[in-house]
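Participant:
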Amino acid sequence: MNDVVVLNKKESIALIQIQNPPVNALSHAVRQGLMEAVRESLEDPAIKVLAITGSGKFFSAGADIQEFGKPSLEPQLPQICNAIESCSKPVFALINGTALGGGFELALSAHFRVATVSAKIGLPEIHLGLLPGSGGTQRLPRIIGADKALKMMLNGQPVSAGKA
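If you use numbering that gives the first Met the number 0, the sequence shown corresponds to residues 0 to 163, in order.
1. Pull up the distance between the alpha-carbon of Pro20 and that of Gln78, whole angstroms please.
2. What three-state label does DSSP hand Ala45 in the structure shown?
3. So, do the stretch 91 to 99 and the stretch 57 to 72 have three or more beta carbon pairs nearer to each other than 8 Å?
4. Since I believe Pro157 is in contact with Ile120 (beta carbons under 8 Å), could you give me their beta-carbon distance rounded to a whole number of angstroms?
5. Does the beta-carbon of Arg112 have 16 or more other beta-carbons within 10 angstroms, so that it is buried, or is it exposed?
6. What does Val90 pair with, by DSSP beta-bridge criteria?
7. With DSSP collapsed to three states, give me the class of Gly100.
8. Let me know if Gly128 comes out buried or exposed under the rule of 16 or more other beta-carbons within 10 Å of its beta-carbon.
9. Tell me the rounded alpha-carbon separation between Asn23 and Ala92.
10. What's the C-alpha gap between Lys147 and Arg138?
11. For a test of the three-state rule: what should DSSP assign to Leu107, helix, strand or coil?
12. Give me, in chain order, the residues of the same chain whose beta-carbon lies closer than 6 Å to that of Leu33; leave out the 5 immediate sequence neighbours on both sides.
13. Determine the direct distance from the alpha carbon of Gln31 to that of Glu10, and round the result to whole angstroms.
14. For Ala118 and Ile15, what's the separation of their Cα atoms in angstroms?
15. Tell me where the alpha helix (DSSP H) around Gln78 begins and ends.
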């Protein structure tokens with residue numbers, strides 16, 4: 000791992016925590032750490048379940064704006080989301096706080112999502128003239144239905160996990 004993604008193994012559970020304050024942005028280092036943590040957890044026969052969470056008040060606020068305009072380095076977020084979705088072991092997204100954009104797409108790629116009542120989720124990309132680029136346009140409708148997903152994507156406003 001690296002200093003922005005921590006993997007803690009306890010008995011049969013792998014807890015993968017994003018620690019990239021202040022908003023746990025999905026920087027290149029975070030993406031590398033997530034991919035390494037998922038691979039290591041899959042290769043460990045003692046691990047039966049993976050759980051991904053963030054530190055502080057954010058699960059992840061999505062893309063790292065410091066990297067906008069720079070060439071995207073691998074692994075890119077769609078690769079990570081696809082790796083999580085295709086995991087042979089169950090993956091939980093423990094949404095401890097705000098999950099927006101790519102951070103919400105990361106959570107959507109997990110097999111199960113559990114959120115605190117105060118957590119906020121959303122796909123605000125439309126405010127930047129963008130579409131969600133890491134599978135959110137496919138995964139969200141499968142989970143909540145096409146009408147609700149389209150409304151979330153087109154208004155770009157975060158909603159409370161309790162409401163979702």
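For glycine and all other residues, C-beta sits at the position ideal for the given N, C-alpha and C.
Bear in mind the structure is a predicted one, so any value in this text is a computation, not a measurement.
Facilitator: Let me spell this out:
1. 23 Å
2. coil
3. yes
4. 6 Å
5. buried
6. Leu49
7. coil
8. exposed
9. 14 Å
10. 12 Å
11. helix
12. Val4, Ile79
13. 24 Å
14. 18 Å
15. 76 to 84
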